[in-house]
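In this note's numbering, the protein residues as written are 9 to 140. Idealized CB from N, CA, C, for every residue including glycine. Notes follow once the structure below has been shown.
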């Protein structure tokens with residue numbers, strides 16, 4: 009004769025295993041995957057940074073009440089030390105590729121790597137709007 013209590017434990021154990029497996033399977037989709045974004049990186053005024061790539065304008069950070077510096081901001085060096093267009097005192101724009109995580113909408117939430125490129129690379133990329 010089968011013990012109903014023992015059989016119930018096995019069913020509960022199997023359900024728990026299935027739930028754990030389903031949870032683990034869903035974890036990769038919850039993690040943000042790094043994206044490579046290349047285009048014009050702009051720093052027009054203090055603490056205002058964004059990236060214009062072929063898809064849209066990505067906010068890196070803005071000065072003000074919503075001033076949220078993304079993790080990895082320290083990976084962006086002084087962009088004026090390489091090819092750079094000065095537009096406002098010590099501020100301006102350059103061409104760069106960044107490996108980033110985004111909120112999927114408009115904000116860069118984490119910077120994983122940064123590589124500044126020659127201005128001609130962005131100027132010659134027809135998918136980018138020309139920065140005058």
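Report the rounded CA-to-CA distance for residue i versus residue j, giving the unit in angstroms.
i	j	result
residue 85	residue 139	21 Å
residue 87	residue 123	10 Å
residue 149	residue 99	Nothing can be reported for residue 149, as the shown portion of the chain is limited to 9 through 140.
residue 128	residue 90	13 Å
residue 116	residue 50	14 Å
residue 83	residue 130	20 Å
residue 143	residue 108	Summary: the structure shown does not reach residue 143, with the chain confined to residues 9 through 140, and so no result is reported for it.
Under a Cβ-count criterion, where at least 16 other Cβ atoms within 10 Å of its own Cβ denotes burial, should residue i be classed as buried or exposed?
i	result
residue 61	buried
residue 37	Residue placement at residue 37 is flagged as unreliable, the pLDDT there being 41, under the threshold of 50; the coordinate-derived value follows with that caveat. Classification of residue 37: exposed, given that the 10 Å Cβ count is below 16.
residue 45	buried
residue 110	buried
Is the beta carbon of residue i within less than 6 Å of some heavy atom of the ligand COA?
i	result
residue 88	Although the ligand COA was asked about, the structure shown includes no ligands whatsoever.
Helix, strand or coil: how does DSSP classify residue i here?
i	result
residue 87	helix
residue 82	helix
residue 100	strand
residue 109	strand
residue 72	coil
May I ask which residues mark the beginning and end of the alpha helix (DSSP H) holding residue i?
i	result
residue 127	127-131
Of all Cβ atoms in chain D, is any one closer than 7 Å to the Cβ of residue i?
i	result
residue 78	The question asks about chain D, but that chain is absent: this structure has only one protein chain.
At what residues does the beta strand (DSSP E) containing residue i begin and finish?
i	result
residue 65	65-69
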